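J.: In this text, residue positions in the sequence shown follow our numbering: the first is 782, and each later residue adds one.
All C-beta atoms in this analysis are idealised placements derived from N, C-alpha and C, irrespective of residue type, glycine included.
Model, not experiment: these values are computed from the prediction.
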Amino acid sequence: MEIPFLSLKSTNQQFEDLYKLALSAFLSSGQYMLGKKLESFEQNFANYCQSKYCVGVANGLDALILILDSFKFKRKAEVIVPANTYFASILAIKKAGLVPVLVEPNLGDYLINIKNIESAITQNTVAVLAVNLYGRMCDFDNISKLCNAYSLKLVVDAAQSHGAVYENIKNCNGADATAYSFYPTKNLGALSDAGAVVTDNELLASSIRKNRNYGSEIKYQFDSLGLNSRLSELQASFLDLKLNYLDAEILKRRQIAERYLTEIKNEKLIMPPSDRIHEDAWHLFVVRTDNRIELMNYLKTAQIGYDIHYPIPPHKQKALPEFNNLDLPITEEIHRTVLSLPMNSSLSVEEVDFIIFTLNSY
């Protein structure tokens, strides 16, 4: 039995007829950018997130850049960010002319450590960029209280956590702004790059809406130096129809995660936390092992797909030489040992059975 890590073809097959109808309506509308389909998705996704405003943009990276730019921080101000995040979180801070301050996460759940946030705050700190890594919400309530105490903006990178819940808060609703990616591999994925900003701040939403369109609200009039970062009508229509199925997607992932957590019994593997099975969005199911190459070869022989999220920590990347000598042992331990197992709604019961059996035999 060959099991891919993720088959986007299988994931999207159930929507094929709906996609064709949406494409036909898109072509006949004559409105290909910034139209009714985008407005519909923005309203529906804002409602889903229990928030007031959603602004569709071209991708998740632009969502973060537009948020940070809209705050008009002084150049070289500091933004605290988890050291083990995906590279884009840090890239956005740099692109906004700000300084990333990398802090260690918790080893147990891979999320930013609140004590390390407070230790990293200086007179130059203006914001915290918290990341809901792998589909698990950060300790939002306490991070929010900390940011309020120090008058810091709280931005959340929710690229991997559509639909996650923690302590009755849906995906960090209440942050100053939350950035989403709808890259095709996400729990809510478009068929191309796509992203959005969600916020309760009307002025911030208006600023981002203007700046996604070069900085223009009135045709040929430019009030600011924005980006060309518009979410297309076609992708918005695809996302709008898939949004109706997002809860079912997450439910299936939670059911698979529960099986992995309760049925995989192998002391060679460190499993992810099991305290929020029915709250996490389970974008990824990440285990750790001291013998990753051995496990990779074993899975390859068994024809089970896997991935590494992520093999090289940001502070060791060639693009960030100023961070290359940072001492971040927890981050390096995470990046050295993590491995992601197949996790998506297209997995059959038989495939999940085989994955569990194979790992228990390892």
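#1: Give me the Cα-Cα distance between residue 1069 and residue 868, rounded to the nearest whole angstrom.
#2: Less than 8 Å between the C-beta atoms of residue 1139 and residue 1071, yes or no?
#3: Just to confirm the assignment: which complete alpha helix (DSSP H) runs, minimum length 4, are found wholly within the region 931-1008?
#4: Can you list, in chain order, the residues of its chain whose CB lies under 8 Å from that of residue 906, leaving out five sequence neighbours each side?
#5: Assuming residue 1065 and residue 915 form a contact by the criterion Cβ under 8 Å, report the distance between their Cβ atoms to the nearest whole angstrom.
#6: Beta carbon of residue 938, beta carbon of residue 789: below 8 Å?
#7: State the DSSP-derived secondary structure class of residue 837, mapped to helix, strand or coil.
#8: Who are the near neighbours of residue 1132 in its chain, counting only those whose CB is closer than 8 Å to its CB and skipping five residues on each side?
#9: Put residue 877 into one of helix, strand or coil per three-state DSSP.
#10: My guess is that residue 1062 and residue 968 are in contact by the Cβ rule of under 8 Å, so how many angstroms apart are they, rounded?
#11: Do you know how far the Cα of residue 1137 is from the Cα of residue 1084?
#12: In the DSSP output, what is residue 884 paired with across the bridge?
#13: For residue 1051 and residue 1141, which I take to be in contact (beta-carbon distance under 8 Å), what is that distance rounded to the nearest angstrom?
#14: Using 8 Å for Cβ pairs, my map puts residue 974 next to residue 840. What's the rounded Cβ distance?
#15: My output table needs one value for residue 845: the three-state DSSP class, helix, strand or coil.
#16: Report back the beta-carbon spacing between residue 807 and residue 1113 to the nearest angstrom; my notes put them in contact at under 8 Å.
#17: What did DSSP end up calling residue 906 once you bin it into helix, strand or coil?
#18: Decide yes or no for the touch test of the region 1034-1042 against the region 893-908: beta carbon pairs closer than 8 Å, at least 3 of them.
#19: Roughly how many angstroms lie between the CA atoms of residue 813 and residue 1106, to the nearest whole one?
#20: In terms of alpha-carbon separation, which member of 1110, 1037 and 1116 lies closest to residue 1130?
#21: Please report the distance separating the alpha-carbon of residue 1026 from that of residue 1082.
#22: Helix, strand or coil: how does DSSP classify residue 1166 here?
#23: With contact counted as at least three CB pairs below 8 Å, one residue from each stretch, are the region 995-1007 and the region 975-984 in contact?
#24: Alpha carbon to alpha carbon, how far is residue 874 from residue 854? Give it in angstroms, no decimals.
#25: Would DSSP call residue 1117 helix, strand or coil?
#26: Please report the Cβ distance between residue 954 and residue 832, rounded to the nearest whole angstrom; I am assuming they are in contact, meaning their Cβ atoms lie under 8 Å.
#27: For residue 1059, count the other beta carbons within 10 Å of its own beta carbon; 16 or more makes it buried, fewer makes it exposed. Which is it?
#28: Under DSSP, the alpha helix (DSSP H) around residue 917 begins and ends at which residues?
#29: Ordered along the chain, which non-local residues of its own chain (more than five positions away) have a Cβ less than 7 Å from that of residue 944?
#30: Apart from the five residues just before and just after residue 888, which ones in its own chain have a Cβ nearer than 8 Å to its Cβ?
#31: The beta strand (DSSP E) with residue 1069 in it runs from where to where?
#32: Identify, in the order they occur along the chain, each residue of the same chain with its Cβ nearer than 7 Å to the Cβ of residue 1021, setting aside the five sequence neighbours on each side.
#33: Could you please give the first and the last residue of the uninterrupted alpha helix (DSSP H) stretch that includes residue 1166?
#34: Nearest-angstrom Cα distance between residue 1048 and residue 786?
#35: Roughly how many whole angstroms lie between the Cα atoms of residue 1095 and residue 885?
T.: Judging by the given coordinates:
#1: Straight across, the Cα-Cα distance linking residue 1069 with residue 868 is about 20 Å.
#2: For residue 1139 and residue 1071, no; Cβs fall outside 8 Å.
#3: If we require 4 residues or more, the alpha helix (DSSP H) runs fully inside the region 931-1008 come out as 983-992.
#4: The residues are 858, 859, 860, 861, 882, 931 and 933.
#5: The pair is a contact, with the Cβ atoms about 4 Å apart (cut-off 8 Å).
#6: No.
#7: Correct three-state label for residue 837: strand.
#8: Around residue 1132: 782, 784 and 1123.
#9: DSSP places residue 877 in coil when its eight states are reduced to three.
#10: About 6 Å separates the two Cβ atoms, so the contact holds.
#11: So the two alpha carbons sit approximately 13 Å from each other.
#12: Here residue 884 is bridged, per DSSP, to 863.
#13: About 15 Å separates the CB atoms of residue 1051 and residue 1141; that is not less than 8 Å, and the two are not in contact.
#14: The Cβ separation is near 4 Å, so the contact holds.
#15: The answer is helix: DSSP assigns residue 845 an H, G or I state.
#16: With a contact defined as Cβ atoms closer than 8 Å, residue 807 and residue 1113 miss out at about 46 Å.
#17: Residue state, collapsed to three classes: strand.
#18: Inter-segment contact for the region 1034-1042 and the region 893-908 is absent: fewer than three beta-carbon pairs are separated by less than 8 Å.
#19: When rounded, the distance between both Cα atoms is 47 Å.
#20: Answer by Cα proximity: 1037.
#21: The straight-line gap from Cα to Cα measures roughly 34 Å.
#22: This structure leaves residue 1166 out entirely; the chain is present only between 782 and 1143.
#23: By the Cβ rule, the region 995-1007 does not count as touching the region 975-984, because fewer than three pairs are nearer than 8 Å.
#24: Looking at the two C-alpha atoms, the distance is approximately 11 Å.
#25: In this structure, residue 1117 counts as helix in the three-state DSSP scheme.
#26: Right, their Cβ atoms sit about 5 Å apart.
#27: Residue 1059 is exposed by the Cβ-count criterion.
#28: Here residue 917 belongs to no alpha helix (DSSP H), and DSSP marks it neither H nor E.
#29: Excluding five sequence positions before and after residue 944, the CB atoms of its chain that fall closer than 7 Å to its own CB belong to 952, 968, 1027, 1028, 1031 and 1062, given in chain order.
#30: The beta carbon of residue 888 sits closer than 8 Å to those of 1111, 1114 and 1115, all from its chain and outside the five residues before and after it, given in chain order.
#31: 1066-1069 is the span of the beta strand (DSSP E), which, as asked, contains residue 1069.
#32: Taken in chain order, the residues that qualify are 818, 821, 822 and 825.
#33: For residue 1166 there is no data in the structure shown, the boundaries of the chain being 782 and 1143.
#34: Taking the straight line joining both Cα atoms gives about 23 Å.
#35: Rounded to whole angstroms, the separation of the alpha carbons of residue 885 and residue 1095 is 12 Å.
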